[in-house]
Each structure stands twice: as C-alpha cells, then as structure tokens.
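Encoded as structure tokens, the structure appears first; notes follow it.
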Amino acid sequence: MSEKDRRIRPRIEDFRPAKEGHIPRSLEELSPEEWARLKEVGIEPEAPREGEFFQADARVVHCRTLPEGLELLPITEALRKYDWIEEYWWKTVDRDKDEYTRATDEDLDDGYFIRVLPGVRLIYPVQTCLYIRTPGVVQKVHNLIIVEEGAELNLITACTTHPGVRSGFHIGVSEFYVKRKGKLTFTMIHNWADETYVRPRTGVRVEEEGTYISTYVTLHPVASVQSMPVCRLVGEGARAVFGSVVVAPRNSYLDLGAVVSLEAPNSRAEIISRSVSTGGESIARGHLIGRAPQIKAHLECQGLMLSDEGAIKAIPQLDAYYAHVDMSHEAAVGKIAQEEIEYLMARGLSEEEATSLIVQGFLSVRIEGLPAELQKRIDQAVALARQGL
Amino acid sequence: MGKEPWLEVRDLWVEVEGKEVLKGVSLVLPRGETHALFGRNGSGKTTLLMTIMGFPAYKVRHGQILFKGEDITSLPPYERAKRGIGIMFQRPPTIRGVKLREMLKLCAKDNGIRIEELAREFGFEGFLDRDVNRGFSGGELKKSELLQLLIQDPDLVLLDEPESGVDMENLQVIGRMIRRLLQKDTHRPRTKSGLIITHTGFILQFVPADLGYVMIDGTIYCQGNPQEIFEGIQKHGYEECISCLRRIEE
Chain A
1 MSEKDRRIRP RIEDFRPAKE GHIPRSLEEL SPEEWARLKE VGIEPEAPRE
51 GEFFQADARV VHCRTLPEGL ELLPITEALR KYDWIEEYWW KTVDRDKDEY
101 TRATDEDLDD GYFIRVLPGV RLIYPVQTCL YIRTPGVVQK VHNLIIVEEG
151 AELNLITACT THPGVRSGFH IGVSEFYVKR KGKLTFTMIH NWADETYVRP
201 RTGVRVEEEG TYISTYVTLH PVASVQSMPV CRLVGEGARA VFGSVVVAPR
251 NSYLDLGAVV SLEAPNSRAE IISRSVSTGG ESIARGHLIG RAPQIKAHLE
301 CQGLMLSDEG AIKAIPQLDA YYAHVDMSHE AAVGKIAQEE IEYLMARGLS
351 EEEATSLIVQ GFLSVRIEGL PAELQKRIDQ AVALARQGL
Chain B
1 MGKEPWLEVR DLWVEVEGKE VLKGVSLVLP RGETHALFGR NGSGKTTLLM
51 TIMGFPAYKV RHGQILFKGE DITSLPPYER AKRGIGIMFQ RPPTIRGVKL
101 REMLKLCAKD NGIRIEELAR EFGFEGFLDR DVNRGFSGGE LKKSELLQLL
151 IQDPDLVLLD EPESGVDMEN LQVIGRMIRR LLQKDTHRPR TKSGLIITHT
201 GFILQFVPAD LGYVMIDGTI YCQGNPQEIF EGIQKHGYEE CISCLRRIEE
C-alpha cells in the first residue's frame, strides 16, 4: 500500500482498540500540558456552558448538564435507558456505508447523546470533546443529537489529541435530528496531530422550518480527514448551512464537503468553503440536490494556494429535478493578489505580516445565524493559527 | 527650522515592465512644505510616487531617493512606511475579511491616536466594521485612505489624485482631512510634507501648495508657483509648457 493510499484509506487493523488506552478516571488526572492543549481548542472549565461532555479514548470521563430540558448522556447509557432510540439509531447514516461505520457498529467506544426537549432554547453552548490520549489507538464513537420541536441547541465540539500523541484514528458517526421549528448549530474545531486520521460519518434530518448550521474548522497538520455529511431537508422551509474553514499544511490530506438533499418546497441550503493550502491537499466538495420546487441552494468554494506543493480541488455539483429551483455555485482558486500585499506593506506591514493578515481575512467567513460566541471561537482559532502560517 | 530637505530625489531613472518611464527626475521637498505635481496621463507622475514608496514593480535603474538624509532607494515599502512615508492609493484593493478597524489598529502601531474619535470627526465611524474598501464608493475609498494615513501619521504624504471620483460635498471633507494630514491649520512650524498629484487642481483650493512641477514624458519640465502653473495649463494646455521659457535647464 502506498503512502498516499494509506493516507486516503487508513486501515483500522493498523491501530489498537481505544479500550486498551491509558484512560483517565477523572479530569483531575489530566496533566497541565494536556490542559494547555485542550485550551487551544477552546476547552475552558470556567466558561459558561449548558452542558459538558468529555471522552478520552473509549471512556466518558466527564459529563455534566445544568438546565432542565437538556439531556446529555454517554450514548451507551442512553441506549440502555431508552427503547425508542431505535427510531433514530443508524437511520441517517447507513451502518454498512463503509468499513468504518461497520467497525463502529460492531465495537462502539461510546459517544454522546443529546436531546433538547420541545420549546427549550439554550443560550450558552453545550461543549463536547472527543480526545485521543493514547498513541496509536482507533476511537470509534457514535453520537446522537435530537433537537425537539421549537427547541434550540448550540453545540460545539472540540476534538484533539494528547500533546505527546502523533498517531491515532478517530471515527465519529453522528446523527442529527432537527424537528419542526428547531434550530441546531454544530461547530467543530479540530486540532489533531500530524499522524492522526479522522473519518466523521454524519447524517442530518431537518423538518419543517427547522435550521441546521454546521461549521467545520481544521487549521493544523493532520494525516487525513475525509467527511461528506448527508443532510436531508424533509420539511417545508427547512434550512441548512455547511461552512468549512480549513488549512492544509504539508502532508495533510483533507477531503471535505457536504450533500444536501432539498426535499420540500421552500427549503434552502448553502455550502461555503474556504481552504488554504500551505503544501497539503484540500478537496472541497459540495453536492446540492433539488428534489422539490421553490427551493434555493448555493455553493461557494474559495481556495488560496500559498505554495507550489500540494493541491486544492473544488468539486461542486448541482442536481435539479424541478423547474422552479434556484441553484447556483461559484468556485475560485488562486494565489494572494500581489497588490493586496503591497497595499499592506505601504501601511507598515512586512511581507509575512501582510500575507498572514490576508489569509486570516480570507478564512474569516461569516456564517449567518451562528451565535456571536461561536463565531468568536472560530475567529480566535483562525487568529491563533495565523501565527503558524 | 522647517527648511531641511525631507525628501530628495536625485536623477532618478525608473523602469516599469521593461519600459523606461522616469528619465532623470530630481526634486527637493523640504520639511513642512507641500508640492504639487502636474502632468498628462502617462507622464510618469504615479510612477514617481510608487517608486518613492518602494513598490517592487518600479525598478530604479539609476539615481537615489533620500528621506531625512538617509538613502532609502533599496528599502522595501514597509521599511519606508516605518521611517515615516505614507501613500494614498488611487485605486486601493479590497482586503476581504479584514475590518477597517483592524487595519487602522495596524496602521497606528500603538501611537496612541484614537481611531473612533477620528473616524467620527470625519463621519466615517459607520465603516469601521466593514471589510477594508469592500463596496466603498469613490468618495468613501478616499476617506478610507485618508483615515488610514491620519492614523499612520507619516511625515511625508504621497497623494495620487485625491479628488478624483469625489463629488463636491465629499471634496470638502477630503480637503479637511488632507489639511489635517499636512498640518495646514497649525501656526507652529510644520513638520509634515506632502507631494500631491492633481489633474483638476481642485484640491489646491483646500490645500495650498508651496511649489508646483510639470512632468512631461518622465522628466520634470518646469517648477514654480503652483497656482500660476495650474492657470497656465488650464489656459494653454501642456503644449505651452513644452515651449515655456521657465523650463529647467537640462
């Protein structure tokens, strides 16, 4: 198997089960170095939260929920507690999709269950973290998120590895259900290690007038991430936004995108991607499918090549099955305009400072409907990463 | 005080994209003075300003540029900016995702100038949280440029047609901003110098110049009272300049 093939198709058997990891019993066992790393992805114990969930390797180490109307449990516990979970389990993601989903189905290393009860609108985010603490393990999680009718949840998940870990494999199956008039924002800020492989497998179902907003941020070296969430807008007026803000450093392979199937009239979808290559490969995909009249969908891929190594590939696809659809895409890949650099240099910035400011500006995409605190977290992550560009 | 040379250009020959544009330009701009540069399109005025700022596309083949006595001919633009040279762009680019406020903070380099206050004074506070130059009108672009310069606070200001594309109402504000930039309202000896390119001469009603130059085909053809030169150009065009007796001895 070539190096590139291994990067694109990592093999589960090359990793040890996460259950054999050095799993801590509680958060107190984490070292100051580990806390520093967690802080980089925004995990701060004192921040206001509606709920917190922390899983290291295969064990849920910390799980706390504050308000009434929010349920946050390890998924293994929720599966024991509720029979009705069957109605949601493996319904938006096919358990036979690939070897990664099959492996997760056969041997689960937990995950989180979140349910917001009808009409409950949570102000502060719920924070989850999936953490790889032991070198060379494969962590297989399955998450289930249900936002009931008229409810709102802002979920932020920060995934990272122990500062001493380079190699690992994270497989995360996530299923999202947004009921009528519900709103869910899902913001992922990832900071993996250069030999870590990541395979999220995500399914989303949004009902009438529901909103789902997903933002994925990865700005640091990672061996490979491949993810193509499938979102179905099944109710009239449902809306989905997928944003991704990615940097592909040398030796990183990122294949990211989303499929949105607009199945009800007046549903809307938007896919926005910003990728920067500093020597790695970034593939930005987007697939919009208009299966109902009066839908509106737009896809925007922008890439910035900062090096002659690596690659950026924009692959947009639009499928329309009705006359009354409004579907569009725009894609642009290029380098930084010299006149922008010179403009900033005339204001006293060195060439490096000018370049990094332009890159930061390029990556600061505004996601409409995203709460200010989460937008701030994304901006902070970008500002922090800017120093390393 | 006030008469030491701030900028000295000595026999400057400059090439742009393989074409010789400046052919032996020399001028001396003393501290506290404002000089105006007249000339047809393509005569080399913008090239002179861009070369003084140090943009790499403008290749100095011969000659020197001195600022405050230091030879800056081979310094990159940001080093010149640090030494106190600022330029107003005629067509500044959009910097997407970067807020004007952030840009102004970078221009300030902690010099203590109050961004909000200054923006409010010139009616521009509503633009602070917009992307730099994104969707700005002609007049707004000029204000954005001048606000950046006011905050950067350079000792030598290079202005390339500050009045182009600006309506009469905005011209007043832009005139006030340039007066502030060049300390035209102060009674103390001025320390700020300016080099202004103007086609219409309008800006000179707001910002009086101490000396004018006419540039023709990459050389400075004449220099003298800016008002007289401008009136002469208005009456007789640049043809007259070419045959003018005031022409600098070659």
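Protein chains in written order, with the working numbering: chain A, 1 to 389; chain B, 1 to 250.
Here a beta-carbon is modelled for each residue, glycine too, at the ideal position from N, C-alpha and C.
Keep in mind it's a predicted model, so treat the numbers as computed, not measured.
Please check if any C-beta of chain B sits within less than 8 Å of the C-beta of Gln380 (chain A).
As a first step, residue 380 (chain A) is located in the first sequence; it is residue number 380 there, counting from the start. Chain B, which has no Cβ nearer than 8 Å to the Cβ of Gln380 (chain A), makes this no.
Let's test the definition: count the other Cβ atoms within 10 Å of the Cβ of Arg203 (chain B) and tell me whether it reaches 16, buried, or not, exposed.
As a first step, residue 203 (chain B) is located in the second sequence; it is residue number 203 there, counting from the start. Note that residue 203 (chain B) is Ile in the sequence shown here, rather than Arg. Under this definition Ile203 (chain B) is a buried residue.
Taking any Cβ of chain A, which residues in the region 67-87 of chain B have a Cβ under 7 Å from it, in chain order?
Against chain A - using a Cβ distance shorter than 7 Å - the residues of the region 67-87 of chain B are Pro76, Pro77, Tyr78, Ala81, Lys82 and Ile87.
By alpha-carbon positions, which one of A:Gly136, A:Tyr131 and A:Thr101 ends up nearest to Pro17 (chain A)?
Mapped onto the first sequence, residue 17 (chain A) falls at position 17. The option with the nearest alpha carbon to Pro17 (chain A) is A:Gly136.
What number of angstroms, rounded off, separates the C-alpha of Gly2 (chain B) from the C-alpha of Lys184 (chain B)?
Locating residue 2 (chain B) in the second sequence gives position 2, counting from the first residue. Locating residue 184 (chain B) in the second sequence gives position 184, counting from the first residue. Reliability of the predicted coordinates at Gly2 (chain B) is poor, the pLDDT of 48 falling under 50, and no value is obtained from them.
Beta strand (DSSP E) containing Leu29 (chain B): first to last residue?
Position 29 of the second sequence, counted from the first residue, corresponds to residue 29 (chain B). From DSSP, the beta strand (DSSP E) with Leu29 (chain B) extends over Lys19 to Pro30.
Can you list, in chain order, the residues of its chain with a C-beta nearer than 6 Å to that of Gly257 (chain A)? Leave out the 5 residues immediately preceding and following it.
Taking the first sequence and counting its residues from 1, one reaches residue 257 (chain A) at position 257. Met228, Arg285 and Gly286.
What span of residues does the alpha helix (DSSP H) with Phe176 (chain A) cover, start to end?
On the first sequence, position 176 is the one that residue 176 (chain A) refers to. Segment Ser167 to Val178 is the beta strand (DSSP E) holding Phe176 (chain A); no alpha helix (DSSP H) there.
State the DSSP-derived secondary structure class of Asp326 (chain A), mapped to helix, strand or coil.
For the purposes of this step, residue 326 (chain A) is taken as the residue at position 326 of the first sequence. In the structure shown, Asp326 (chain A) sits in a strand (DSSP, three-state: E or B).
Apart from the five residues on each side of it in sequence, which residues of its chain come closer than 6 Å, Cβ to Cβ, to Ile72 (chain B)?
As a first step, residue 72 (chain B) is located in the second sequence; it is residue number 72 there, counting from the start. The answer, listed in chain order, is Ile65 and Arg80.
Check the Cβ of Arg96 (chain B) against every Cβ in chain A and list those closer than 7 Å, keeping chain order.
The count along the second sequence starts at 1 and reaches residue 96 (chain B) at position 96. Simply Gly361 and Phe362.
Can you find a C-beta in chain B that's less than 8 Å from the C-beta of Glu300 (chain A)?
For the purposes of this step, residue 300 (chain A) is taken as residue 300 along the first sequence, with counting starting at 1. Chain B, which has no Cβ nearer than 8 Å to the Cβ of Glu300 (chain A), makes this no.
Hey, quick one: how far does the beta strand (DSSP E) through Ala240 (chain A) stretch, first residue to last?
Counting from one through the first sequence, the residue named residue 240 (chain A) turns up at place 240. Arg239 to Ala248 is the span of the beta strand (DSSP E), which, as asked, contains Ala240 (chain A).
Use the C-beta contact count for Tyr58 (chain B): other C-beta atoms within 10 angstroms, 16 or more gives buried, fewer gives exposed.
In the second sequence, the residue the question calls residue 58 (chain B) occupies position 58. Tyr58 (chain B) comes out buried.
In terms of residue numbering, what span does the beta strand (DSSP E) encompassing Pro92 (chain B) cover?
As a first step, residue 92 (chain B) is located in the second sequence; it is residue number 92 there, counting from the start. Where Pro92 (chain B) is concerned, there is no enclosing beta strand (DSSP E), given that its DSSP letter is neither H nor E.
Can you name, in chain order, every residue of its own chain whose Cβ lies under 7 Å from the Cβ of Gly175 (chain B), other than the five neighbours on each side?
The sequence position of residue 175 (chain B) within the second sequence is 175, counting from 1. Excluding sequence neighbours, Gly175 (chain B) sits near Ile203, Phe206 and Val207.
Please say whether Val365 (chain A) and Ile272 (chain A) have beta carbons closer to each other than 8 Å?
Against the first sequence, residue 272 (chain A) aligns to sequence position 272. Against the first sequence, residue 365 (chain A) aligns to sequence position 365. Contact flag set, yes.
Could you list which residues in chain A have their beta carbon closer than 8 Å to that of Phe89 (chain B), in chain order?
Residue mapping note: residue 89 (chain B) aligns to position 89 of the second sequence, counting from 1. Neighbours of Phe89 (chain B) on chain A, chain order: Tyr343 and Ala346.
Report the three-state DSSP secondary structure of Trp13 (chain B) (helix, strand or coil).
In the second sequence, counting from the first residue as 1, residue 13 (chain B) sits at position 13. Reduced to three states, the DSSP call for Trp13 (chain B) is strand.
What is the rounded straight-line gap between the Cα of Ala151 (chain A) and the Cα of Pro265 (chain A)?
Walking along the first sequence from the start, residue 151 (chain A) turns up at place 151. Walking along the first sequence from the start, residue 265 (chain A) turns up at place 265. Straight-line Cα distance between these residues: approximately 22 Å.
Relative to the C-alpha of Leu262 (chain A), which residue among A:Glu87, A:Glu208, A:Lys313 and A:Thr215 is closest?
Walking along the first sequence from the start, residue 262 (chain A) turns up at place 262. Of the candidates A:Glu87, A:Glu208, A:Lys313 and A:Thr215, the one whose C-alpha sits nearest the C-alpha of Leu262 (chain A) is A:Glu208.
Go ahead and pull the three-state DSSP assignment for Gly303 (chain A).
For the purposes of this step, residue 303 (chain A) is identified with residue 303 of the first sequence, where counting begins at 1. Of the three classes helix, strand and coil, the one that applies to Gly303 (chain A) here is strand, per DSSP.
Tell me the residue span of the beta strand (DSSP E) that contains Leu288 (chain A).
The residue labelled residue 288 (chain A) in the question sits at position 288 within the first sequence. Looking at the DSSP string, the run of the beta strand (DSSP E) that includes Leu288 (chain A) is Glu281 to Gly290.
Can you tell me whether His220 (chain A) is buried or exposed, with buried defined as 16 or more other CB within 10 angstroms of its CB?
On the first sequence, residue 220 (chain A) is found 220 positions in, with the first residue counted as 1. Looking at its Cβ environment, which holds 16 or more other Cβ atoms inside 10 Å, His220 (chain A) is buried.
Just to make sure I have the definition right: I need the residues of chain A whose C-beta is within less than 8 Å of the C-beta of Pro93 (chain B). Which are they?
Against the second sequence, residue 93 (chain B) aligns to sequence position 93. Near Pro93 (chain B) (Cβ distances below 8 Å), the residues of chain A are Ala337, Glu339, Glu340 and Tyr343.
For Gln375 (chain A), which residues in the same chain have their Cβ closer than 8 Å to its Cβ, ignoring the five residues on either side in sequence?
By one-based count along the first sequence, residue 375 (chain A) stands at place 375. Here the set comprises Arg366 and Ile367.
Out of B:Lys68, B:Val214, B:Pro92 and B:Ile196, which has the shortest C-alpha to C-alpha gap to Ala337 (chain A)?
On the first sequence, residue 337 (chain A) is found 337 positions in, with the first residue counted as 1. Nearest C-alpha to Ala337 (chain A): B:Pro92.
Whose C-beta lies closer than 6 Å to the C-beta of Asp255 (chain A) among residues of the same chain, with five residues either side of it excluded?
For the purposes of this step, residue 255 (chain A) is taken as the residue at position 255 of the first sequence. Excluding positions up to five away in sequence, the list reads Gln226 and Ile283.
With burial defined as no fewer than 16 other Cβ atoms inside 10 Å of the residue's Cβ, what is the status of Asn41 (chain B): buried or exposed?
On the second sequence, position 41 is the one that residue 41 (chain B) refers to. Result: exposed.
Check whether the Cβ atoms of Ser356 (chain A) and Gly310 (chain A) sit closer than 8 Å, and answer yes or no.
By one-based count along the first sequence, residue 356 (chain A) stands at place 356. By one-based count along the first sequence, residue 310 (chain A) stands at place 310. Not in contact: Ser356 (chain A) and Gly310 (chain A) (Cβ atoms no closer than 8 Å).
Name the DSSP bridge partner or partners of Lys3 (chain B)?
As a first step, residue 3 (chain B) is located in the second sequence; it is residue number 3 there, counting from the start. Lys3 (chain B) pairs with nothing; no bridge assigned.
Does DSSP put Leu128 (chain B) in a helix, in a strand, or in coil?
The residue labelled residue 128 (chain B) in the question sits at position 128 within the second sequence. Leu128 (chain B) falls in the coil class under three-state DSSP.
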